[in-house]
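2 protein chains.
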Amino acid sequence: MNMQTKNVNTHLTEIKDYFKVAISVDCVIFGFDNDELKVLLIESDLKEYRGKWSLLGDIVRPDEDLENAAYRVLLERTGLENVYMQQVHAFGALNRHPAGRVVSVAYYSLVNVEHIELKLLNNDLHWHPVKDILQKDMAFDHKDILNTCLERLRQQIIEQPVGFNLLPRKFTLRDLQNLYEAILDVKLDRRNFRKKFFAMDVLIDLNEEEEEVRHRPAKLYGFNAERYSQQKKKSLGF
Amino acid sequence: MNMQTKNVNTHLTEIKDYFKVAISVDCVIFGFDNDELKVLLIESDLKEYRGKWSLLGDIVRPDEDLENAAYRVLLERTGLENVYMQQVHAFGALNRHPAGRVVSVAYYSLVNVEHIELKLLNNDLHWHPVKDILQKDMAFDHKDILNTCLERLRQQIIEQPVGFNLLPRKFTLRDLQNLYEAILDVKLDRRNFRKKFFAMDVLIDLNEEEEEVRHRPAKLYGFNAERYSQQKKKSLGF
DNA sequence: CCAAAAGTGTTGCCTGTACACCCATGT
DNA sequence: ACATGGGTGTACAGGCAACACTTTTGG
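So, in structure tokens, the structure goes:
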């Protein structure tokens, strides 16, 4: 075998290897319930990760782009469409997947848990408090992915009011503040918090109140999506 | 043309029978010269993009992770190691590559143009003012990638003093300000700019001055990398 | 001595933060 | 009536932005 041929063959083999990779998406689906930030997980079906929790993901199909794949996973698993979703990071460590080379693109999304609950029954999905799950092992490098997405979420909600996506259509200011306190793991001043959001001018006063609470009922607000998009640039700066 | 020097893009076409999906990295290499933000590009060798400019990228090999691939591209093309680099976004549109499905992970890096100049001679790389290149067509979706990375860079330098990576080891405050003004495309107040950076405490007074200028010479400063890492969290907030 | 850019402080404003009392409801 | 959380305003401090004159060098 002469040098030239050898080089060519070697190279072709290597080139073929280049295509033995797969692309997947992993979705970090955040919800907010019971004043806790939660994440939607499934038990891993790989024997290597028996009993460990896994994010929702799938291989990207030849006929769909990355975003489509992420939305598809979300739709298949939760039945939800038109959800807030954002690409966060690509994870490509060599041995991150036991079956071979799989590069995964992580997305995080924010959903209203109430919209999902019914569908959970036919499914093996479960909401987990993020604080708890971070103490445990997860499948693959999903702990890394979760941490990275959580970090991004924290950064995001102090820059833009994306937190609304986690709340029901009607909510109280206390709900909103609990959300921020849970995600950022801080205590915030009630008066200053209100001032900030009223100044942002993204709340719609629905002229309704809570009911069945044993204290003064709080007013209910909605989220003004139109004003939100105008105000994207403003920082919240906690 | 022998096999060794052939470009990967050519291989893609040749072996399209085996084709499934490939992962590549694309590097947006920023430099700062002549008071302009520049980006390092190469002329595309694909006939589809004849005469158009392309980012520096390559297929990710089976034995390297994403970051390694990006550093390899940088090393091969510029001879530089230990460069500031950051992953920005994964691009996976269906038809972004004419030879087939290639998902590309974009990285941006900041280099000191002086460290590269000599090596450019043996190469078909060229620095382009970012402002100019954004007016022109680019190969693939590289304009998107460039825009996304530029946006990230802008965000980054107002949060952390990463701009130092674009400057020589010794620089004046005017250099630093020019850098910020060029990247952010704004005019900044000289006194406030100085105050801000002195307060940040990341500048080392080298007790040296410019020479051969026909006006009062400016003092030269260095960058205190140690203090920088402590102060990462502080915002600059322009 | 002229041109050109370097260097230097103060003030007002705006934003963030700390903080305490009265109000409406259910029990 | 009481317990519980809802709703509200003010004062202080720190950070940001606006602004003009003197200094040093080369020509």
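Going line by line, the protein sequences match chains U and D. Here full-length UniProt numbering is used: position 209 in the first sequence is 209, and no number is missing along the way. Here full-length UniProt numbering is used: position 16 in the second sequence is 16, and no number is missing along the way. Think of the CB as a built atom: it goes at the ideal place given N, C-alpha and C, for glycine as much as any other residue.
Item: Between the CA atoms of residue 82(D) and residue 32(D) - distance to the nearest angstrom; Value: 18 angstroms
Item: Bounding residues of the beta strand (DSSP E) (the contiguous stretch that carries residue 310(D)); Value: Because chain D spans 1 through 238 in this model, residue 310(D) falls outside it and cannot be assessed.
Item: Residue 87(D) CB to nearest heavy atom of the ligand COA below 6 angstroms; Value: By its list of ligands, the structure shown contains no ligand whatsoever, and the ligand COA lies outside what it can speak to.
Item: Whole-angstrom C-beta distance between residue 77(U) and residue 21(U), which should lie under 8 angstroms; Value: The pair is not a contact, with the Cβ atoms about 24 angstroms apart (cut-off 8 angstroms).
Item: Between the CA atoms of residue 23(D) and residue 111(D) - distance to the nearest angstrom; Value: 25 angstroms
Item: Among 87(D), 219(D), 160(D), nearest to residue 200(D) - alpha-carbon criterion; Value: 160(D)
Item: Neighbouring residues, chain U, relative to residue 94(D) (Cβ below 8 angstroms); Value: 63, 64, 65
Item: Sufficient close CB pairs (3 or more, under 8 angstroms) joining the stretch 175–194 of chain D to the stretch 63–70 of chain D; Value: no
Item: Residue 136(D) burial status per 10 Å Cβ neighbour count (16 or more: buried); Value: exposed
Item: Where residue 38(D) falls: helix, strand or coil (DSSP); Value: strand
Item: Unbroken alpha helix (DSSP H) run spanning residue 69(D), endpoints; Value: 66–78
Item: Contacts around residue 113(D), its chain only, beta-carbon distance under 6 angstroms, and the 5 residues preceding and following it disregarded; Value: 31, 33
Item: Beta carbon proximity, residue 21(D) to chain U, threshold 7 angstroms; Value: yes
Item: Residue interval of the alpha helix (DSSP H) (run including residue 135(D)); Value: From DSSP, residue 135(D) is part of no alpha helix (DSSP H); its letter is neither H nor E.
Item: First and last residue of the uninterrupted beta strand (DSSP E) at residue 47(D); Value: First-last for residue 47(D): undefined, no H or E at that position.
Item: is_contact[residue 70(D), chain U] using C-beta, thresh 7 angstroms; Value: no
Item: C-alpha distance - residue 193(U) paired with residue 87(U), whole-angstrom precision; Value: 29 angstroms
Item: Any C-beta of chain U under 7 angstroms from that of residue 130(D); Value: no
Item: Assigned exposure category for residue 59(U) - 16 Cβ within 10 Å defines buried; Value: exposed
Item: Neighbour flag for residue 103(D) against chain U, beta carbons, 7 angstroms; Value: yes
Item: is_contact[residue 218(D), chain U] using C-beta, thresh 7 angstroms; Value: no
Item: Other residues of its chain near residue 217(U): CB distance less than 8 angstroms, five sequence neighbours each side excluded; Value: 209, 210, 211
Item: Contacting positions in the UniProt domain "NrtR DNA-binding winged helix" (163–223) of chain U - beta carbon closer than 9 angstroms to chain D; Value: none
Item: Spatial neighbours of residue 222(U) in its chain, beta-carbon cut-off 7 angstroms, leaving aside the 5 residues before and after; Value: 169, 170, 204, 206
Item: CB contact below 7 angstroms: residue 99(U) versus chain D; Value: no
Item: Residue of 156(U), 99(U), 197(U) minimising C-alpha distance to residue 176(U); Value: 197(U)
Item: Residue range of the unbroken beta strand (DSSP E) whose run includes residue 125(U); Value: 125–129
Item: Buried versus exposed call for residue 155(U) [16 or more other C-beta atoms within 10 Å across all chains shown]; Value: exposed
Item: Beta-carbon spacing of residue 39(U), residue 90(D) below 7 angstroms; Value: no
Item: For residue 224(D), the nearest candidate out of 174(D), 162(D), 214(D) (CA to CA); Value: 162(D)
Item: Cβ-Cβ separation, residue 54(D) to residue 43(D) (assumed contact under 8 angstroms), whole Å; Value: 7 angstroms
Item: Residues sharing a beta bridge with residue 222(D), DSSP; Value: 204(D)
Item: Cutoff 6 angstroms; reference residue 92(D); Cβ partners in own chain excluding five residues on either side; Value: 103
Item: Same chain, Cβ closer than 8 angstroms to residue 119(U), five either side skipped, listed in chain order; Value: 78, 79
Item: For residue 101(U): DSSP bridge partner residues; Value: 21(U)
Item: Contact under 7 angstroms by Cβ, residue 29(D) with residue 109(D); Value: yes
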